[in-house]
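Peer 1: Right, I'll just put the structure down here and ask away after.
Numbering (this note's numbering), first residue to last: 1 to 463.
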């Protein structure tokens with residue numbers, strides 16, 4: 001490292017010949033001499049570890065890119081929650097001496113640092129993202145406090161409600177879980193009735209339209225159009241970008257490696273300590289757990305059947321199982337990414353593997369996603385997801401069967417640097433993406449699993 005680079009990094013120019021140390025905030029004088037001897041001697045005497053700090057800063061800039069994305073020459077990875085932003089390495093900051101004249105006629109040297117042209121706008125985008133995240137956290141905290149107050153009011157301010165955040169055991173806990181399932185089933189019934197009314201109105205309209213088309217076809221019976229057949233219809237329904245299935249093969253190959261990482265990720269994320277319905281750490285890593293009053297074999301079958309469905313509605317999209325086997329699932333999904341009044345579509349493809357072990361079942365998931373939409377809303381955003389689902393029985397003294405589903409999901413978004421340089425409002429887009437891809441869709445998946453279990457136990461439906 002050169003003295004010129006150290007002076008540019010550790011000092012700020014106050015006026016010609018006067019500099020301020022960025023570490024101790026003390027002013028230092030420096031005449032036009034080669035090597036910046038006065039400034040460097042101050043660093044050596046007062047801050048002997050400045051060389052290690054400078055080198056560590058350069059290494060840390062490279063390591064953050066390696067951790068949060070796929071590093072190449074054209075891609076820069078961001079994470080709004082982690083506060084990362086695009087910044088050149090310090091070694092690329094050029095400093096030069098600009099001669100200036102002092103009042104007494106002497107020629108002094110002024111240290112001029114050539115800053116990147118996008119640095120101010122990058123810092124502005126980072127501040128906007130942090131402000132959005134603070135407002136989002138404040139809103140979620142208020143909603144959580146409202147839910148807690150409603151719970152306390154509905155239970156008559158019972159003192160035992162203070163223990164709801166710890167492990168719930170015994171008959172009272174099981175009764176509350178059945179009550180939760182019954183409430184969910186009632187909501188599902190009301191939603192289904194509303195959808196039936198909407199479908200009925202839509203069907204009446206389609207019948208009217210069909211009659212009108214029938215009249216037109218009778219008038220134009222001689223005209224034949226063979227351009228639409230079953231094959232073309234199936235082609236339109238398929239995802240245009242993922243027709244070959246090559247990417248799914250590569251995702252399946254990674255699933256075996258994910259199984260070996262299950263114990264370390266359980267310990268590192270803390271998901272193994274979740275024993276009731278809990279959700280935390282919604283940023284690049286999300287954990288969730290759910291306890292259901294059913295046997296482990298039934299729960300595993302319901303989860304696998306849910307993931308194998310040909311068509312499954314999500315919170316803002318649909319999920320399609322493409323190919324299934326006893327231990328492997330390939331699937332595709334399309335979900336909407338909404339920020340304010342702007343919307344984009346996120347296309348995802350999954351590879352899911354199941355591993356049956358003594359006293360537990362482990363399901364690993366690999367997912368690759370890419371967004372399509374307006375260029376001012378993260379067009380071209382790519383994201384890799386890895387998830388581990390552990391299903392194990394919960395043992396009680398009275399012998400009742402219950403099962404806990406624990407999930408840990410890690411997401412790595414990546415975005416081309418040239419996309420960030422284009423103008424547009426992207427504040428909150430990464431946060432909304434994580435909420436849409438994980439938080440809202442998990443509720444729909446868990447509800448589908450509960451519906452399958454209820455149909456099996458009370459409707460004599462085979463799993």
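The beta carbon of each residue, even a glycine, is placed where N, CA and C say it ideally should be.
For residue 316 versus residue 336, is the C-beta spacing smaller than 7 Å?
Peer 2: Contact flag set, yes.
Peer 1: By the three-class DSSP mapping on this structure, what secondary structure does residue 49 have?
Peer 2: Correct three-state label for residue 49: coil.
Peer 1: Can you tell me which of the three DSSP states residue 321 falls into?
Peer 2: In the structure shown, residue 321 sits in a strand (DSSP, three-state: E or B).
Peer 1: What residues are listed by DSSP as bridge partners for residue 21?
Peer 2: Partner(s): 11.
Peer 1: Let me confirm a value: residue 289 is counted as buried when at least 16 other C-beta atoms fall within 10 Å, else exposed. Which label applies?
Peer 2: Residue 289 comes out buried.
Peer 1: Please work out which residues of its chain come closer than 6 Å, Cβ to Cβ, to residue 309, disregarding the five sequence neighbours upstream and downstream, and give them in chain order.
Peer 2: Result list for residue 309: 321, in chain order.
Peer 1: When burial is assigned at 16 or more other CB atoms within 10 Å of the CB, is residue 304 buried or exposed?
Peer 2: The residue in question, residue 304, is buried, as its Cβ has 16 or more Cβ neighbours within 10 Å.
Peer 1: Taking the Cβ atom as the reference point for each residue, do residue 55 and residue 36 lie within a distance shorter than 7 Å?
Peer 2: Contact: no.
Peer 1: How many Å lie between residue 138 and residue 132 at the Cα?
Peer 2: Those two C-alpha atoms are separated by around 10 Å.
Peer 1: For residue 324 and residue 143, what's the separation of their Cα atoms in angstroms?
Peer 2: Spanning the two alpha carbons is a distance of roughly 40 Å.
Peer 1: Mark residue 14 as exposed unless 16 or more other C-beta atoms lie within 10 angstroms of its C-beta, in which case mark it buried.
Peer 2: Exposed is the call here.
Peer 1: Tell me which same chain residues have a C-beta within less than 7 Å of the C-beta of residue 23, skipping the five on either side of it?
Peer 2: Contacts found: 10 and 47.
Peer 1: Leaving out five residues before and five after residue 40 in sequence, what residues of the same chain have Cβ atoms less than 6 Å from its Cβ?
Peer 2: Same-chain partners within the cutoff: 3.
Peer 1: Nearest to residue 370 by CA position, among 386, 346 and 350, is which residue?
Peer 2: Among 386, 346 and 350, the Cα nearest to that of residue 370 is on 346.
Peer 1: Starting from residue 302 and walking both ways along the alpha helix (DSSP H), at which residues does that stretch end?
Peer 2: Note, residue 302: alpha helix (DSSP H), 296-307.
Peer 1: Bridge partners for residue 361 per DSSP, in chain order?
Peer 2: Note: residue 361 sits in a beta bridge opposite 356 and 391.
Peer 1: Once the 5 residues before and after residue 359 are set aside, which same chain residues still bring their CB inside 8 Å of it?
Peer 2: Here the set comprises 392 and 393.
Peer 1: Determine, using beta carbons only, whether residue 43 and residue 29 come nearer to each other than 7 Å.
Peer 2: Their beta carbons are not under 7 Å apart, which means residue 43 does not touch residue 29 by this criterion.
Peer 1: With DSSP run on the structure shown, which of helix, strand or coil describes residue 218?
Peer 2: Residue 218: helix per DSSP, three-state reduction.
Peer 1: What does the alpha-carbon distance come out to for the pair residue 292 and residue 178?
Peer 2: Taking the straight line joining both Cα atoms gives about 8 Å.
Peer 1: Could you check if residue 367 is buried or exposed, using at least 16 other CB atoms within 10 Å of its CB as the buried criterion?
Peer 2: By the 10 Å Cβ count, residue 367 comes out buried.
Peer 1: So residue 212 packs on residue 364, CB below 8 Å; how close in whole Å?
Peer 2: 52 Å between Cβ atoms; not a contact.
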